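The sequence shown maps to residues -26 to -1, 1 to 452 in mature numbering (1 follows the signal peptide of the UniProt record, and there is no 0).
C-beta: ideal position from N, C-alpha, C; glycine also.
These numbers were taken from a predicted model, which means no experiment stands behind them.
One structure is given below, encoded as structure tokens.
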Amino acid sequence: MNHRHAALRLLTLLLLLLGASQPLRADPQPSVFASIKPIHSLLTGLMRGTEGAELIVGKGRTPFDYLPDAQQLERLRGAKLVVWVGPELESFLIEPLQALAPGTRVITLLDRPELKILPARHEGYGRDPFLWLDTRNAIILLKLFSDALIEHDPARAHLYQRNYRSMLATLQGIDRQLEYGYRGMKGGSGANYHDTLQYFEQAYALKIRATLAAHPGVRADTGKLLETRARILGGEFACLLTERGHRPQALELLTGGTGINQGELDSFGTRFEPGENLYVDLMMHNTETIRRCLQGEAPQGPVHQPLTESGADPEGIRGRFILVDHNGRTVTEKDLLGKYQLIYFGYTFCPDICPTSLATTSLALDMLGERAKLLQHYFITIDPERDTVAAMKQYVKYFNDDLIGLTGTRNMIDRVARQFNARYEKILEPGRDPQLYAMDHTASVYLMAPDGRFITKFAHGITPETMVELLREHLPGE
């Protein structure tokens, strides 16, 4: 009997020792992979406090010169969630992704309908993959990634939601800084050797008038090189931009003896350490590089305006103005007071951004229910020449029933826009009908207090759900 007890005690001790050798841990975290550094940066910020995401293209490389090794492919086969831009950018991932285990979720960003996806400007190259260079897309990506992480790892939903709110505030601040802090970028036009900036150009009214190659993996045509060199010598461009890691072999042929300003972009963040700060770092680097190149400057330090919550005058709406609503009634600065105001500047000929923003705000107001009565939604045109009272009346009926459209004289529209620091510029493409111009403009929604004080600004790309959540933080009571 004693031998039996001793054996049992020995067996129990062995089991305890074996159990102690296994680490105590919560349910396994999702195995998440991101193809490139900018996407990895957003995921890493959302996964702060967890094991994080694994980066596929690292070590100063870009997707155009990268092939994963056998060890990396083996790790990838164990993934539960993989995020890549799409075949236009990471063609080396097409076959490995097809070989993943059933049940693995693959998010192809170029296929996402909620993102702004532009066609490539060079014929035969499909979609433009550089979507992350518009921070409004990055804001949408945050929500997309947060929802995906919560679906795969619901036990940590609170963590992802907290990190989402923190990162959202950061990206909205960056969007404000780019929108208001870089007026110097409009002082000249430039050429970009590789066509990587189309999203940035549209978001921030940047003047890039020529590109030579579709992306850093493509060589420029000799005829295009010589044509662009002639334009440089003719003084058409203030600067030439290239991408880090892809210095063109024909750069000397293009620029030799011209004295043109040059700047090196880093759209993949190759110079920065991977991590949650990388996205902001690369956006600030590219923005400052462009500004210096266009102005021919080399400042010792950053000249960015500080991040603030203030999109409009923080002291509120000041100065008198007289506008006309879509029913022909006069509206003054006093008529805007008394309720919280959601104010958007745009124009009825706007192809996508304006109707998307107005629809988002209208949906948010519907979702607020009775509390929406605390708010008044305004649409102020920046194109009064075409946006007559009749045009505004026809346009606003497509949105929330309470939306008020406002137009007026050019001088009055300019005065109101200055009070909100709302920027806009008429864009007329050479050879087109002068009446078919477009307007580059501020694309955010201003939230103003009943007394006219500025509260905050919602960046383009925000979801109705997120806008409702943020509005509830500012509106009184429940």
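Taking only three categories from DSSP, how would you classify Lys367? Within the sequence shown, residue 367 is the residue found at index 393, counting from 1. For Lys367, the three-state secondary structure derived from DSSP is helix.
- Message: Please state the DSSP three-state secondary structure of Tyr352.
- Response: Counted from its first residue, the sequence shown places residue 352 at position 378. Strand.
Is the CB-CB distance between Met422 and Gln269 below 8 Å? Here the question's residue 422 lines up with position 448 in the sequence shown. Here the question's residue 269 lines up with position 295 in the sequence shown. Gln269 sits away from Met422, with the two beta carbons spaced by 8 Å or more.
Discussion item. Let's test the definition: count the other Cβ atoms within 10 Å of the Cβ of Ser(-6) and tell me whether it reaches 16, buried, or not, exposed.
Written reply: As a working mapping, residue -6 is identified with position 21 in the sequence shown. Caution is warranted here: a pLDDT of 38 is assigned to Ser(-6), below 50, making its placement in the model unreliable, and the coordinate value is therefore given only provisionally. Around the beta carbon of Ser(-6), a 10 Å sphere encloses fewer than 16 other beta carbons of the protein chains shown; the residue is thus reported as exposed.
Reduced DSSP secondary structure (H/G/I, E/B, other) of Gln223: Counting from one through the sequence shown, the residue named residue 223 turns up at place 249. Reduced to three states, the DSSP call for Gln223 is coil.
| query | Along the chain, which unbroken stretches of the alpha helix (DSSP H) at least 4 residues long are found entirely within the region 375 to 427? | reply | Within the region 375 to 427, the complete alpha helix (DSSP H) segments at least 4 residues long are 384 to 393, listed from N- to C-terminus.
Where Tyr173 sits in the DSSP three-state scheme:
The residue given as residue 173 occupies position 199 in the sequence shown. In the structure shown, Tyr173 sits in a helix (DSSP, three-state: H, G or I).
Residues sharing a beta bridge with Val80, DSSP:
Translated into positions along the sequence shown, residue 80 becomes position 106. The partner list for Val80 (beta bridge, DSSP) reads Val56.
- Task: Go through its chain and collect everything with a Cβ distance to Arg345's Cβ below 7 Å, but skip five positions before and after it.
- Result: One-based indexing of the sequence shown puts residue 345 at position 371. In its chain, beyond the 5 residues on either side, Leu449 have a beta carbon closer than 7 Å to the beta carbon of Arg345.
| said: So, for Val322: in the same chain, excluding its five sequence neighbours on each side, which residues have a beta-carbon less than 6 Å away from its beta-carbon? | reply: Within the sequence shown, the letter at position 348 stands for residue 322. According to the sequence shown, residue 322 is Thr rather than Val. These residues qualify, in order along the chain: Asp361, Ala365 and Tyr369.
Tell me whether the beta-carbon of Pro358 lies closer than 8 Å to the beta-carbon of Thr330. Start at 1 with the first residue of the sequence shown, and residue 358 comes out as number 384. Start at 1 with the first residue of the sequence shown, and residue 330 comes out as number 356. When the beta-carbon positions are compared, Pro358 and Thr330 stay at least 8 Å from each other.
Item checked: Met141 to Ala112 span [Cα, whole Å] -> For the purposes of this step, residue 141 is identified with residue 167 of the sequence shown, where counting begins at 1. For the purposes of this step, residue 112 is identified with residue 138 of the sequence shown, where counting begins at 1. If you draw a straight line from the Cα of Met141 to the Cα of Ala112, it is about 10 Å long.
* Asked: Just how far apart, CA to CA, sit Phe66 and Ser5?
  -> Here residue 66 corresponds to residue number 92 of the sequence shown, with the count starting at 1. Here residue 5 corresponds to residue number 31 of the sequence shown, with the count starting at 1. Going from the Cα of Phe66 to the Cα of Ser5 covers about 20 Å.
Mind checking who Tyr314 pairs with in its DSSP beta bridge?
-> Here residue 314 corresponds to residue number 340 of the sequence shown, with the count starting at 1. Tyr314 is bridged to Leu349.
Worksheet item: Run through DSSP, which three-state label would Phe319 get?
Response: Counting from 1 along the sequence shown, the entry for residue 319 is found at position 345. In the three-state reduction of the DSSP assignment, Phe319 falls in the strand class.
| query | Distance, Cα to Cα, Leu410 vs Gln176? | reply | Sequence index remark: in the sequence shown, residue 410 carries index 436 (1-based). Sequence index remark: in the sequence shown, residue 176 carries index 202 (1-based). In this structure, the CA atom of Leu410 is about 17 Å from the CA atom of Gln176.
Whose CA, out of Glu238, Leu342 and Asp309, lies closest to the CA of Asn166?
In the sequence shown, residue 166 corresponds to position 192, counting from 1. Relative to Asn166, the option among Glu238, Leu342 and Asp309 whose CA is nearest is Glu238.
Suppose you measure from the CA of Arg(-2) to the CA of Glu28; what does that come to, to the nearest Å?
Taking the first residue of the sequence shown as position 1, residue -2 is located at position 25. Taking the first residue of the sequence shown as position 1, residue 28 is located at position 54. Per-residue confidence for Arg(-2) stands at a pLDDT of 38, beneath the threshold of 50, marking its modelled position as unreliable; the derived number appears in the next sentence. Those two C-alpha atoms are separated by around 20 Å.
Item checked: Which listed residue (Tyr398, Thr437 and Ala143) has its alpha carbon closest to that of Leu180 -> Residue mapping note: residue 180 aligns to position 206 of the sequence shown, counting from 1. Residue Tyr398 is the option with its Cα nearest to Leu180.
### Message
Output needed for Thr244: all residues of its chain with C-beta closer than 8 Å, excluding positions within five of it in sequence on either side, in chain order.
### Response
Stepping through the sequence shown from its first residue, residue 244 is reached at position 270. If we look at Thr244 and ignore the five residues flanking it on each side, its Cβ neighbours are Lys11, Gly34, Arg35, Thr36, Arg218 and Gly219.
Practice task
Examine the Cβ distances between the region 249 to 264 and the region 69 to 86 and report whether three or more of them are shorter than 8 Å.
Solution key: With the cut-off at 8 Å, the region 249 to 264 and the region 69 to 86 do not touch.
**OP:** For Glu439, name the three-state secondary structure that DSSP assigns.
**Re:** For the purposes of this step, residue 439 is taken as residue 465 along the sequence shown, with counting starting at 1. Three-state DSSP puts Glu439 in a helix.
Output needed for Asn235: all residues of its chain with C-beta closer than 6 Å, excluding positions within five of it in sequence on either side, in chain order. By 1-based counting over the sequence shown, the position of residue 235 is 261. Taken in chain order, the residues that qualify are Cys213, Cys267 and Gly270.
Along the alpha helix (DSSP H) that carries Ile114, what are the first and last residues, could you check?
What you label residue 114 is simply residue 140 of the sequence shown in a count that begins at 1. From DSSP, the alpha helix (DSSP H) with Ile114 extends over Thr109 to His126.
Report the residue from Val363, Phe394 and Thr196 whose alpha carbon sits nearest the alpha carbon of Leu380. Reading the sequence shown from its first residue, position 406 is the one you call residue 380. Among Val363, Phe394 and Thr196, the Cα nearest to that of Leu380 belongs to Val363.
(Q) Just to confirm, is the Cβ distance from Thr185 to Asp195 under 8 Å? (A) As a position in the sequence shown, residue 185 is number 211, starting the count at 1. As a position in the sequence shown, residue 195 is number 221, starting the count at 1. No.
Roughly how many whole angstroms lie between the Cα atoms of Ile354 and Lys198? Translated into the one-based positions of the sequence shown, residue 354 becomes position 380. Translated into the one-based positions of the sequence shown, residue 198 becomes position 224. Whole-angstrom Cα-Cα distance: 42 Å.
| request: Could you check what DSSP says for Leu186 in three-state terms: helix, strand or coil? | output: Counting from one through the sequence shown, the residue named residue 186 turns up at place 212. Leu186 falls in the strand class under three-state DSSP.
Query - Beta-bridge pairing of Gln269 - partner residues as DSSP gives them - result: Taking the first residue of the sequence shown as 1, we reach residue 269 at position 295. Beta-bridge analysis with DSSP links Gln269 to no other residue.
Check: Going by the CB atoms, is the gap between Leu107 and Leu20 shorter than 8 Å?
Finding: In the sequence shown, residue 20 corresponds to position 46, counting from 1. In the sequence shown, residue 107 corresponds to position 133, counting from 1. In this structure, Leu107 does not lie closer than 8 Å to Leu20 by Cβ.
message: Could you pull the DSSP bridge partners for Asn301 from this structure?
response: Residue mapping note: residue 301 aligns to position 327 of the sequence shown, counting from 1. Note: Asn301 sits in no beta bridge, so no partner.
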